[in-house]
Amino acid sequence: MVKHQPLQVYERQLCLSCITGIYGCRWKRYQRSHDDTTKWELLWSLILLLTFCLLLVWCYFWWEAHNDYNEFNWFLYNRSGEWSDGTVPILATTAAGFTYIAFLMILALCHVSLGQQLNLHWVHKVGVTVALLTTVVGVISINQTWGQEWDIIPISLQATGPFLHIGALAAVTALSWIVAGQVARAEKTRFQVVVMLLYLSLLLGLYVTPLYITSPCIMEHASLKPRPDVIGLRGASMLAPENTLWSFQRALQMNVTGLEADVAISVDGVPFLMHDRTLRRTTDVEKVFPERQMDEAALFNWTDLQQLNAGKWFLKEDPYWTIHTLSSHEKTLIANQSVCSLEQLLNLSSYHNSTVVFRLRRPPQEHPFYHSWINETLHAVQQSRVPQNLVMWTPDEHRAQVRELAPGLIQTSVEKRSPQSLNQSGISRLLLRYNKASTQEISDFSESHINLTLYTVNEPWLFSVLWCSGVSSVSSEAPHILKKVPYPIWHLRPQDYCLMWVTADLISFAVVVGIFIFQKYRMSGMRSYNPEQIMLSAAVRRSSRDISVMKEKLIFSEVGNGIGSAEELYADNDCDYYTNQGISQ
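Following numbering that gives the first Met the number 0, the numbering of the sequence shown begins with 0 at its first residue and continues without gaps.
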């Protein structure tokens with residue numbers, strides 16, 4: 000009579016347990032499966048992939064929209080009436096959501112690579128759903144309130160496209176390891192063909208993508224035009240409160256060639272600088288005139304305006320996160336700034352021989368100068384000491400009359416029109432938002448001798464793209480940043496770029512072929528490999544080993560011979576085991 004006592008000692012696979020445990024809460028060995036993933040779980044895998052792609056685009060959008068964060072905050076201010084940096088919670092939630100979804104994507108790829116069945120835990124399904132819905136709501140909200148900003152994506156791709164292509168090519172090439180493993184492991188020919196076709200289509204698409212990538216920075220070096228002039232938009236408004244005298248002085252210290260401001264007219268006919276319709280955001284009107292804080296700025300007289308402080312709000316709100324870079328002396332100057340008049344700006348511009356461009360806002364109908372606002376502003380310009388050829392006149396109203404009274408002014412339009420129409424109207428300059436002119440249109444304006452100024456350009460990459468496009472000048476809130484850009488960030492000749500992407504494609508193709516050959520050779524003897532398979536061995540575990548080794552051993556002992564049982568034999572080794580006793584005659 001023989002007693003059979005099989006003994007199993009399993010190898011601990013901590014990494015696999017963590018992957019399946021975190022993804023699907025399957026921490027135990029018996030909870031895992033190598034069966035095909037169910038259709039329901041495949042659907043959730045597709046939802047996870049969709050969420051990842053959507054969040055990737057969303058993150059890219061906000062990363063490149065950094066150039067216009069202040070514009071976004073100003074839109075929020077107009078809606079809520081309270082100034083706050085609305086980008087902070089958006090960036091924090093976007094970063095957290097993308098990190099979470101990207102982590103789940105990595106775990107899913109690990110499951111596929113190891114041949115494990117995908118089974119996303121319900122908690123993660125809730126998290127994926129929340130991330131997807133939140134992103135969709137965010138996209139819809141931005142589309143309704145800030146729709147023009149979507150243009151930042153195709154514009155930024157002119158700067159990042161060649162490098163994003165290399166990154167995407169590297170990622171898809173690395174993915175070939177998982178694809179090759181699946182093809183080599185699969186037993187169904189149809190599955191192998193479908194997977195190969197999908198992967199090769201994606202790879203081939205990436206190989207030919209550079210044929211459709213266009214960037215003005217891919218050009219001959221001799222074709223690069225001179226560096227665009229930089230105009231200080233409301234001064235150096237990242238370093239000083241906007242539309243104040245100190246802000247314009249700081250901009251001039253950054254070697255700007257011009258100054259841009261927003262002009263309103265007081266109730267007693269004095270043109271002054273103010274961007275908003277009210278005084279609440281950029282002055283202490285709530286403290287000085289609390290009962291009039293909601294009134295339009297143009298309904299105040301100049302005496303009242305001079306009583307307001309226009310600098311303390313900047314120190315309090317820190318709208319550009321730059322206060323920590325300022326000295327104590329600069330902070331003192333900022334705290335003492337007042338509302339600036341157009342005359343002060345013109346005198347400063349005349350002293351430094353810099354161009355002035357201002358946007359004139361018409362006062363409300365109850366204003367005493369509602370009908371004569373153009374004449375009052377023109378009179379202020381003529382009374383100043385600034386030469387007329389330094390002033391860019393933007394209002395379209397009564398332009399013919401203004402040209403007769405002040406023929407030396409630089410006639411400038413803020414509405415996009417054809418070069419022929421501008422020349423016929425005697426307009427020599429055009430002021431547009433940077434997304435309103437394509438590279439071809441910039442070239443057309445240049446050929447028609449129309450000087451094009453684009454705003455708001457704060458980021459070096461955007462400045463570089465516009466430089467390569469041939470724009471003549473840009474308007475910026477950050478002249479101190481653009482001052483550090485003496486040449487485009489990158490500039491490649493067409494033949495150099497062609498050599499770069501062809502080399503990358505060849506390297507990728509060689510690596511993919513090598514991986515498929517290696518995976519086929521590796522899987523040839525283990526098509527149905529199970530990483531948790533039980534290893535049969537007759538050797539007993541050595542006491543010096545730190546980990547348990549998977550073993551299964553059949554111990555045959557005769558009951559009457561006095562040989563110890565398996566429990567006694569492995570008692571000192573602290574091994575897990577199970578027993579099945581069979582009695583045979």
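Ideal placement from N, C-alpha and C gives every residue a C-beta, glycine not left out.
Short Cβ contact (8 Å threshold) for D303 with F288: yes
Based on Cα-Cα distance, which residue from L174, L47 and C216 lies nearest to L587? Coverage of the chain is limited to positions 0 through 584, which leaves residue 587 absent and any answer about it impossible.
Measure the alpha-carbon distance for A537 versus Q12 and round it to whole angstroms. Here the model assigns A537 a pLDDT of 38, short of 50, so the residue's position is not dependable, and the following value carries that caveat. Each residue's Cα considered, the two are about 22 Å apart.
Segment limits, beta strand (DSSP E) that includes F271: P270 to L272
Alpha-carbon spacing of A170 relative to M104, whole angstroms: 13 Å
Where does T172 sit, in a helix, a strand or coil, going by DSSP? helix
Can you list, in chain order, the stretches of the alpha helix (DSSP H) that have 4 or more residues and sit fully within the region 219-278? 244-252
With a CB to CB cut of under 7 Å and the five nearest residues on each side skipped, what residues in its chain are close to C109? I18
Let's see if you can read the secondary structure: which residues bound the beta strand (DSSP E) around N410? The sequence shown places Gln at residue 410, rather than the Asn named in the question. Unbroken beta strand (DSSP E) run through Q410: I409 to S412.
In chain order, what residues of the same chain have a beta carbon less than 6 Å from the beta carbon of R541, not counting five sequence neighbours either side? No answer about R541 holds up, because its pLDDT of 42 lies below 50 and its placement is not dependable.
Inter-residue spacing [alpha-carbon to alpha-carbon] between N450 and Q157: 22 Å
Reference S175; option with closest CA among G160, K38 and L197: L197
Per DSSP, which residues does F357 bridge with? Please list them. A260 and W392
Between M237 and the rest of its own chain, which residues show a CB-CB distance below 6 Å, the 5 nearest in sequence each way excluded? Y319, T321, E476 and A477
Thinking just about the alpha-carbon of each residue, which of I441, C52 and T98 is nearest to the one in Y433? I441
Endpoints, beta strand (DSSP E) assigned at V473: S472 to S475
What is the residue span of the beta strand (DSSP E) that R432 lies within? R428 to R432
With 16 other Cβ atoms within 10 Å as the buried cut-off, status of N66: buried
Assuming the contact rule is C-beta atoms closer than 8 Å, E295 and H274 should be a hit. Round their C-beta distance to whole Å, please. 13 Å between Cβ atoms; not a contact.
Quick one: Cα of T597 to Cα of R402, how far? Outside the shown range of the chain (0 to 584) lies residue 597, about which nothing can therefore be said.
Do R226 and W466 come within 8 Å of each other at the CB atom, strictly closer than that value? yes
Along the chain, where does the beta strand (DSSP E) containing N450 start, and where does it finish? N450 to Y454
To the nearest angstrom, report how far apart I426 and R78 are at their CA atoms. 35 Å
Assign H328 to one of two classes, buried (16 or more other C-beta atoms within 10 Å of its C-beta) or exposed (fewer than that). exposed
What is the DSSP secondary structure of L491, reduced to helix, strand or coil? strand
For C14 and K224, what's the separation of their Cα atoms in angstroms? 56 Å
Span of the alpha helix (DSSP H), counted from its first residue to its last, around H123: W121 to T144
Please report the distance separating the alpha-carbon of S83 from that of V111. 45 Å
Boundaries of the alpha helix (DSSP H) in which E403 is found, first to last residue: R398 to L404
Contact set for T282: own chain, Cβ-Cβ below 6 Å, skip 5 residues either direction: L307 and A309
Where do the N-terminal and C-terminal ends of the alpha helix (DSSP H) with K38 fall, by residue? K38 to E63
Using only CA atoms, which one of I21, Q116 and E70 lies nearest to W39? Q116
Look at the Cβ atom of T376, then the Cβ atom of V262, and state whether they are nearer than 8 Å. yes
Enclosing alpha helix (DSSP H) for F74 [first to last residue]: Y68 to S79
What are the complete alpha helix (DSSP H) segments, minimum 4 residues, inside the region 279-329? 284-287, 301-305 and 311-316
In the DSSP output, which residue or residues are listed as bridge partners for I217? L491
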